[in-house]
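The structure appears below as structure tokens.
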Amino acid sequence: MKSGIYFSLFTSHYKTMTTFLTAPRLTAGVTHEPAAPVLELRGISVVYTQTGGGPRGLALEDVSLEVETGERVAVIGPNGAGKSTLLKLVAGMLKPTNGQVNVYGRASHEHICIGYAPQRNQIDWSFPVTVMDVVMMGRAGKIGLLRWPRRRDWELARHSLERVHALHLADKQIGELSGGQQQRVFIARALAQEAELLLMDEPLAGLDIPGQEQIFEILDALRQDKVTILLATHDLNLAAERFDRALLLNRKVVAYGLPTAVLSPANLLAAYGGHAHMIKMDDQTMLLADTCCDHGETG
Amino acid sequence: MDIWTWLSEPLAFGFIARGMMAAAVVGVVCSVLGSYVVLRGMAFFGDALAHAILPGVVVAFLWGWPLLVGALIMGVLTAVGIGALSSRGTFKEDTAIGVIFAGTFALGVAMLSTRGNYTIDLAHFLFGNLLGVSAADLRATAGIAAVILLIVFLFYKEFMIVSFDPILAATLRLPATFLRYLLLILIAVTIVVSLQAVGIALVVAMLVTPAAAAYLLTRRLPAMMLIAAAIGAFSGVAGVYVSYYWNIAAGPAVVLTATAVFLLVFIVAPGRGLLAQHWPLAPKRG
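Protein sequence lines, in the order shown, are assigned to chains D and Z. Quick note on numbering: the first sequence equals residues 1 to 299 in our numbering. Quick note on numbering: the second sequence equals residues 300 to 585 in our numbering.
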């Protein structure tokens, strides 16, 4: 691997030179309280201000919930419901206006164990990085400032790619991948990061059925490692069938719990309002809801 | 005249040899930093920063300081100022840049105009004075360039992450604000050391053009930086020959050489070039 040589050539020189420069506190992350839930939101609200001093609005209001270790939670709700805001909040890249976000009992912005797979339109796919480069980015927190990847980092990155069946893509530029492959690479990056909480923003949008299946196979395998997953989606069927919990969001928590209970017609009407179209069939209610999302949704 | 005489004749003049070395150094350091400028879409920022440095240069010139000092102070101040103004989100970034850019540039010209006959000095600031590079200038340029390249090397993976995926940078708790300002300051300093070579009005070309050509030739960031640096260095050296033999001002000659290389790459680059896009050798997959 070309990049391997490029990095390792310089590793040994810098080890001695940079040891005293590196501040371990910046990158080490905090310890976990094993008794605390993996994720706990208490009374969260987020106020945003528009560019140009436009009207202020509430992106999230009084959101409180707990997620248990190893659970897979579908985050659903109409466009602008605050799904992306919620994920960014949990990732710790956005501070709540009120309330507290705790991961394993500590403020989320202190952790480096939170993986984030961004929405497709937030990535510049023509950026000159390979799949291996992207996965190795996940190691940056553990490697530390001013240091270069070591053998263990390369092994972990390769192993992470293996787990998402993408090792053969390692040398490809990321723009050459299919949508499903791109999502798998971002999962691999979270694995390389040794993430215990994985946040995924619309990873299923635009994927065909086999592509979605492959993602779920990988997520199923992650369940054995107790990786907790929050996944924003517009697909209510998948939310009902493939998740332990569903969080129905429309700035406030409309409902949170078992998907079958959450996805009741009354809840969906409350969340989607005029955008929901119910079709009553024999013993079922079918919901035709929701426009999809590839157009830069920011809510 | 054989090729060796052709190549060696201008080098007999010390000031031309110095200018050539300065142009090559500037070509390398501009192109490496320019890779980030191209990938992050900061070409306008770079151009504005160059123009905004003028008041610093003029004050140093009028008070008899080294020009580099005035330019450095003004460059860093402007980089931080634009960074702060645009991160508050009151204006879109290009609006903030436009306001500062034109205002400071006008201030610089106004201050210089108090000296009466100022057109020659202004021309040197705008388009560079490559053949006026002294031995001390060359040493300072090379020294600062080495420091810039060392910092880019040390923060390679952090700059790549911050440029590619700011959300990842946040979840890894990288010091994103520090890195952003560090990059802005590095770009400012790069512009400052390039002023004598190509001048305020043309420095953006050295930042953007070689890196843009390299972008068409590779899909790896380290390779992009190396190719851009090679194009930048070549443009610096070849530009001085063009200047000598065709009797063209040196700064513009260097920039025109880089532009010619870019156009050539833009047409013939495999895969992404004009020819490859319109007449692919192999049928496109999918």
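Glycine included, each C-beta is placed from N, C-alpha and C at the ideal position. Computed from a predicted model, the values in this text were never measured in an experiment.
Ser330 (chain Z) sits in a helix when the DSSP states are folded into three classes. Residue environment analysis places Ser534 (chain Z) among the buried positions, since at least 16 neighbouring C-beta atoms fall within 10 angstroms of its C-beta.
Residues of the region 336-350 of chain Z with a C-beta atom less than 7 Å from some C-beta of chain D are Leu338, listed in chain order. Short of 6 Å from the beta carbon of Gly179 (chain D), and not among the five residues preceding or following it, lie these beta carbons of its own chain, in chain order: Gly206, Leu207. Look at the region 82-95 of chain D: the residues with a C-beta under 8 Å from a C-beta of chain Z are Lys88, Ala91, Gly92, Met93. Sequence-distant partners of Leu161 (chain D) (beyond 5 residues in either direction) whose C-beta falls short of 8 Å from its own C-beta, in its chain, are Val131, Met132, Val135, Leu167, Leu169, Ala170, Val185, Ala188. Among the CB atoms of chain Z, one or more fall inside 8 Å of the CB of Ile112 (chain D).
Per DSSP, reduced to three states, the secondary structure at Lys252 (chain D) is strand. By alpha-carbon distance to Phe404 (chain Z), the top candidate from Z:Leu348, Z:Leu437, Z:Gln576 is Z:Leu348. Annotated three-state conformation of Ile499 (chain Z) is coil, per DSSP.
The alpha-carbon separation between Ser126 (chain D) and Arg438 (chain Z) amounts to approximately 38 Å. Across the structure, Ala468 (chain Z) and Leu338 (chain Z) are spaced so that their CA atoms are roughly 16 Å apart.
At a Cβ-Cβ threshold of 8 Å, Ala195 (chain D) and Arg139 (chain D) do not count as neighbours. Identification of chain D residues near Leu563 (chain Z) by a Cβ-Cβ cut-off of 9 Å yields none; the smallest Cβ-Cβ distance measures about 20 Å. Closest option to Leu471 (chain Z), judged by alpha-carbon separation, among D:His159, D:Trp148, D:Met93: D:Met93. For Pro203 (chain D), no CB of chain Z lies under 8 Å from its own CB, so it is not counted at the interface with that chain.
Leu482 (chain Z) and Asp62 (chain D) have their C-alpha atoms some 38 Å from each other. Taking the CA atoms as reference points, Ala117 (chain D) sits about 5 Å from Met200 (chain D). Ser64 (chain D): member of the beta strand (DSSP E) spanning 56-67, first to last residue. Taking 8 Å as the cut-off, the Cβ atoms of Leu231 (chain D) and Pro203 (chain D) count as close. Note on the region 102-151 of chain D: whole beta strand (DSSP E) runs with a minimum of 3 residues are 114-117, in chain order. Residue-level contact by beta carbon holds for Tyr514 (chain Z) and chain D, with a gap shorter than 8 Å. Measuring C-alpha to C-alpha distances from Ala528 (chain Z) to each of Z:His350, Z:Arg317, Z:Pro309, Z:Ala323 identifies Z:Ala323 as the nearest.
In terms of Cβ geometry, Val327 (chain Z) and Ala511 (chain Z) do not form a close pair [threshold 8 Å]. Under the 8 Å criterion on CB atoms, Ala140 (chain D) is classed as interfacial with respect to chain Z. Residue state for Val73 (chain D) is assigned as strand, using DSSP reduced to three classes.
Counting the other Cβ atoms within 10 Å of the Cβ of Thr440 (chain Z) gives 16 or more, which makes it buried. Taking a Cβ-Cβ threshold of 9 Å, the residues of chain Z close to Val129 (chain D) are Met459, Phe463, Arg518, Arg519, Leu520, in chain order. If you look at Glu457 (chain Z), you'll find it in the alpha helix (DSSP H) that goes 455-463. Burial check for Pro128 (chain D): the Cβ neighbour count within 10 Å reaches 16 or more, so the residue is buried.
The C-beta of Pro210 (chain D) comes no closer than 8 Å to any C-beta of chain Z.
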